[in-house]
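Only one structure is covered here, and it is reproduced in the block below.
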Amino acid sequence: MLWFVSTVLFTLAAFGLELWEGNKISTTEYYGFQNIGFAFIFLMFLFSVLLYPVILLPLSWVIRKIANPLISRIMIFLLSGIAGYGFFYELYDERFIREYHLNSSTAVVFFGIAGFIYVLVDYYFERQAIKAEQNPC
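Going by our numbering, the sequence shown opens with residue 210, and the numbers climb by one from there.
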């Protein structure tokens, strides 16, 4: 279930970043939502489908084994913001960042919000599992 949640959240964060920052880029050298439309959303969705089992699932599993649940959730939240920063520099060329005055903190905010929502959903599912164990009927 969290795979679907993370996929939707990553796609929405990437799309939000593209709408907020990518729309400032007015050249045909950059292929973003303005140029390729919903194919951009599909590519972000496809990337996020692959991202969860390769990166997020093993990383969250290791973090959960090392730290208590609260610390692990805080780490996932913070790492999602940091990942947004890295994603920003992968998505936008340095020249576009300078010429169009793109701001990387937007990516940190969008992906941080996505990470926060992911952590809340994870917490909710964990609480539901505990309730189901306590009340098996």
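Positions of the beta carbon are idealized from the N, C-alpha and C atoms, including for glycine. Keep in mind it's a predicted model, so treat the numbers as computed, not measured.
The ligand MG heavy atom lying under 7 Å from the CB of residue i
i	result
V263	You won't find the ligand MG in this model; it holds no ligand whatsoever.
Span of the alpha helix (DSSP H), counted from its first residue to its last, around residue i
i	result
S281	P278 to L300
L329	S314 to Q343
E238	Looking at the DSSP string, E238 is not in any alpha helix (DSSP H), and its letter there is neither H nor E.
Exposure of residue i, with buried meaning 16 or more beta-carbon neighbours within 10 Å
i	result
I234	buried
M253	buried
E308	exposed
F219	buried
E230	buried
A316	buried
I285	buried
A292	buried
A323	buried
F213	exposed
Y240	exposed
G290	buried
G321	buried
Residue i - DSSP class collapsed to helix/strand/coil
i	result
L228	helix
L311	coil
Legend entry - Stretch pair the region 267–275 + the region 216–230: three plus CB contacts closer than 8 Å: Pairwise C-beta distances place the region 267–275 out of contact with the region 216–230, as fewer than three of them are shorter than 8 Å.
Legend entry - 3 or more residues per run - each beta strand (DSSP E) lying fully within the region 249–274: Correct list: empty.
Inset, instruction - Check whether the region 320–338 touches the region 278–289, taking contact to mean three or more Cβ pairs, one atom from each stretch, closer than 8 Å. - result: Result yes; three or more Cβ-Cβ pairs closer than 8 Å.
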